[in-house]
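So the sequence lines, in the order shown, correspond to chains A and B. Here the first sequence stands for residues 1 to 192, where the numbers follow the UniProt record's numbering. Here the second sequence stands for residues 1 to 192, where the numbers follow the UniProt record's numbering. Note that CB positions come from ideal geometry on N, CA and C, so glycine has one too.
Number of protein chains: 2
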Amino acid sequence: MARWEGNARGRLERAALTLFGEQGYDGTTVAQIAQRANLTERSFYRWFSDKREVLFAGDDLEAHFLAAIEAVPAGTGAMPTLLAAFASVPEVLRPRDFLRERAVVIAANPPLRERELIKMASMSATIVGALLSRGFDEQTARLATEVGSAVLGLATRRWMDDEQTAFADLLSASASDLLAVAADGVPAGKRS
Amino acid sequence: MARWEGNARGRLERAALTLFGEQGYDGTTVAQIAQRANLTERSFYRWFSDKREVLFAGDDLEAHFLAAIEAVPAGTGAMPTLLAAFASVPEVLRPRDFLRERAVVIAANPPLRERELIKMASMSATIVGALLSRGFDEQTARLATEVGSAVLGLATRRWMDDEQTAFADLLSASASDLLAVAADGVPAGKRS
DNA sequence: AGAAGTGACGACAGAACCTGTCGTCACCGA
DNA sequence: TCGGTGACGACAGGTTCTGTCGTCACTTCT
Numbered sequence: 001m002a003r004w005e006g007n008a009r010g011r012l013e014r015a016a017l018t019l020f021g022e023q024g025y026d027g028t029t030v031a032q033i034a035q036r037a038n039l040t041e042r043s044f045y046r047w048f049s050d051k052r053e054v055l056f057a058g059d060d061l062e063a064h065f066l067a068a069i070e071a072v073p074a075g076t077g078a079m080p081t082l083l084a085a086f087a088s089v090p091e092v093l094r095p096r097d098f099l100r101e102r103a104v105v106i107a108a109n110p111p112l113r114e115r116e117l118i119k120m121a122s123m124s125a126t127i128v129g130a131l132l133s134r135g136f137d138e139q140t141a142r143l144a145t146e147v148g149s150a151v152l153g154l155a156t157r158r159w160m161d162d163e164q165t166a167f168a169d170l171l172s173a174s175a176s177d178l179l180a181v182a183a184d185g186v187p188a189g190k191r192s
Numbered sequence: 001m002a003r004w005e006g007n008a009r010g011r012l013e014r015a016a017l018t019l020f021g022e023q024g025y026d027g028t029t030v031a032q033i034a035q036r037a038n039l040t041e042r043s044f045y046r047w048f049s050d051k052r053e054v055l056f057a058g059d060d061l062e063a064h065f066l067a068a069i070e071a072v073p074a075g076t077g078a079m080p081t082l083l084a085a086f087a088s089v090p091e092v093l094r095p096r097d098f099l100r101e102r103a104v105v106i107a108a109n110p111p112l113r114e115r116e117l118i119k120m121a122s123m124s125a126t127i128v129g130a131l132l133s134r135g136f137d138e139q140t141a142r143l144a145t146e147v148g149s150a151v152l153g154l155a156t157r158r159w160m161d162d163e164q165t166a167f168a169d170l171l172s173a174s175a176s177d178l179l180a181v182a183a184d185g186v187p188a189g190k191r192s
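Structure (C-alpha cells):
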C-alpha cells in the first residue's frame, strides 16, 4: 500500500502543480492529482477545501502580516508601517522555483486567477483592519493598503527574477517608482 | 407549456437574485432557479456559462468603456480621460433597485464576490489597453486605471444611495476625496 | 504488555455542477 | 407551403464536492 508515506499535503501540491502545467487546470481531474500523489480523491479534499485551493492553501501570509505590523513601532506612518511589515515577506515564502512555476500556471488558468484575486482581497481587508486598530482613519488605511499592495506585488515579481538584490531593496525601489508615477498623474496645480 | 414566454434571460436573472437572497448562493441549485423561471436546468446553461454568471453577464461595461474612452478628445490626460468616460456609466447600468439588491447578495456570498473581482480585473485590463493605445506609457496607464477604478467604485456606491445628485457630480467629488487622501499619505518632503 | 484513543486513509454513496447530443416546436422568409 | 433558424425539453454522462463508515498505524495510558 501507498499509505503513510508522509507529507501527503506536499505530494498533492507538487502533483497538482505539475499536472496543471501539463494539461491545464480544467484538463486535470482531482482524481488524477490524488493518484499521482498515491492517494485517493477523498483524501485530497481532506487536505484542501476545493480543487483550486491546492495552489493557495500554504501561503498563510495574513497571520504573518498581522504580527509584522504589530511589531512596527507606534507612531509610524501608514505606508512606512506597511513597507516595514512587507520587508519580511520572503521569510514565509516558498522556494523561488516553486513560486515561478506556480505563477505561470495561475496566469494561464482563469479559475486560479480568480482565486488569487480573492486571496489578495482578503489579505487587503486584514491589513486595513490592522491599520485601523493602530489608529489610522478608514480612508487612509484603505488607500495605504491599496498602494502598498501594488508596491508589494511589483517588488515580489522583481524578486522572483532577481536572485541578487535583497527583498527590502526591491521593496523600497518599487515604492519610489510608484510614487514617481503617482505624482506624474496629478497636475501640479491640483495638489494640496 | 411554459415555453416561449419571452425574456427567458431576464426571468432567470430575477429568479436567481431572489433565491440567492432567500437561501444564499450555495443553498440554491440551478434547477431551482430554472424551475422558478419556468425553464429547465439545461436552458439556464444556454443563457449563462455558469451559475455565478447569472448575476454578472448583463453588465457589458467593457465595450461601453472602450467606446467612451475613444470619444474623449486626444491630448487629454489619463485621469481626466477616465473620469470623462466613467461619467456616462449610468446609461448602461440597470435600475437602482436591482443593483442594490444584487450588491447585497454579492457581498454575502464569497463565490459571487470572487466572480466580481475577476470581472473588475478584466475591466481594468481592458481600460489599461485602451490607455496604452492612446499613447500613455504602461506605468501611467496602470496607475490611472487603479486609481480611476477606486474612484468609480466609490462614486457608484454613493450613486446607489443618492437619488438626487447627478452621477458626474458624485464622480468628481469622489475624485477630489481620493486625491486628498492620497496627498495625505505622502510626506511633503518626499514629493517630486 | 495490552487496551484505548487518535489521525490519516480507503471505499462507497450521493447531491450538485456542467456538457454533449438529439428531437421538438414556434416563428420567419421565400 | 416549405425549408431554415432559434429556443427549448429530455436524456446521458463526466466532474466536483460532501457525508459516512470501517481500517490501519501510531501513541498514550494503565
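Sub-7 Å separation of residue i and residue j beta-carbons
i: alanine 57 of chain B; j: phenylalanine 44 of chain B; result: no
i: alanine 168 of chain B; j: methionine 79 of chain B; result: no
i: valine 30 of chain A; j: glutamate 41 of chain A; result: yes
i: valine 151 of chain B; j: serine 174 of chain B; result: yes
i: arginine 52 of chain A; j: proline 110 of chain A; result: no
i: glutamine 139 of chain B; j: valine 181 of chain A; result: yes
i: alanine 155 of chain B; j: leucine 171 of chain B; result: yes
i: alanine 37 of chain A; j: leucine 19 of chain A; result: no
i: glutamate 5 of chain A; j: isoleucine 118 of chain B; result: no
i: alanine 68 of chain A; j: alanine 85 of chain A; result: yes
Extent of the continuous alpha helix (DSSP H) run through residue i
i: leucine 83 of chain A; result: 78-86
i: aspartate 161 of chain B; result: 138-161
i: alanine 31 of chain A; result: 30-36
i: serine 124 of chain B; result: 110-133
i: glutamate 41 of chain A; result: 41-47
i: glutamate 62 of chain B; result: 61-71
i: glutamine 23 of chain A; result: 8-23
For residue j and residue i, the rounded distance between their alpha carbons
i: alanine 107 of chain A; j: arginine 14 of chain B; result: 34 Å
i: serine 133 of chain B; j: valine 72 of chain A; result: 43 Å
i: glutamine 164 of chain B; j: alanine 87 of chain B; result: 16 Å
i: alanine 125 of chain B; j: serine 149 of chain B; result: 11 Å
i: serine 49 of chain B; j: leucine 61 of chain A; result: 33 Å
i: arginine 176 of chain A; j: glycine 77 of chain A; result: Sequence inspection shows serine at residue 176 of chain A; the arginine mentioned does not correspond to that position. Distance between the alpha carbons of serine 176 of chain A and glycine 77 of chain A: 16 Å.
i: leucine 66 of chain A; j: arginine 100 of chain B; result: 33 Å
i: arginine 102 of chain A; j: leucine 17 of chain A; result: 7 Å
i: leucine 83 of chain B; j: histidine 64 of chain B; result: 14 Å
i: alanine 141 of chain B; j: glutamate 70 of chain B; result: 15 Å
i: tryptophan 159 of chain A; j: glycine 153 of chain A; result: 10 Å
i: tryptophan 47 of chain B; j: leucine 131 of chain A; result: 44 Å
i: arginine 94 of chain A; j: glycine 135 of chain A; result: 33 Å
i: methionine 120 of chain B; j: arginine 9 of chain A; result: 33 Å
i: glutamate 91 of chain B; j: alanine 166 of chain B; result: 12 Å
i: glycine 24 of chain A; j: valine 54 of chain A; result: 14 Å
i: aspartate 161 of chain B; j: glycine 129 of chain B; result: 32 Å
i: valine 104 of chain A; j: aspartate 97 of chain A; result: 11 Å
i: isoleucine 127 of chain B; j: glutamate 116 of chain B; result: 17 Å
i: threonine 81 of chain B; j: leucine 39 of chain A; result: 55 Å
i: glycine 27 of chain B; j: aspartate 137 of chain B; result: 46 Å
i: alanine 2 of chain B; j: valine 89 of chain B; result: Because the pLDDT at alanine 2 of chain B is just 43, under 50, the model does not fix this residue reliably, and the point stays unresolved.
i: glutamine 32 of chain A; j: arginine 157 of chain B; result: 44 Å
is_contact[residue i, chain A] using C-beta, thresh 7 Å
i: alanine 107 of chain B; result: no
i: glutamate 13 of chain B; result: no
i: isoleucine 118 of chain B; result: yes
i: alanine 121 of chain B; result: yes
i: alanine 175 of chain B; result: no
Minimum Cβ-Cβ distance from residue i to chain B less than 7 Å
i: valine 151 of chain A; result: no
i: alanine 130 of chain A; result: no
i: glutamate 53 of chain A; result: no
i: leucine 143 of chain A; result: yes
i: valine 72 of chain A; result: no
i: glutamate 138 of chain A; result: no
i: glycine 148 of chain A; result: no
Mind listing which residues of the segment 79-108 of chain B have their C-beta closer than 8 Å to chain A's C-betas, in chain order?
Met79
Name, going along the chain, the residues of the segment 155-170 of chain A whose beta-carbon falls closer than 7 Å to a beta-carbon of chain B.
none
Can you pull out the residues from the UniProt domain "HTH tetR-type" (6-66) of chain A whose beta carbon lies closer than 8 Å to at least one beta carbon of chain B?
Correct list: empty, as no residue qualifies.
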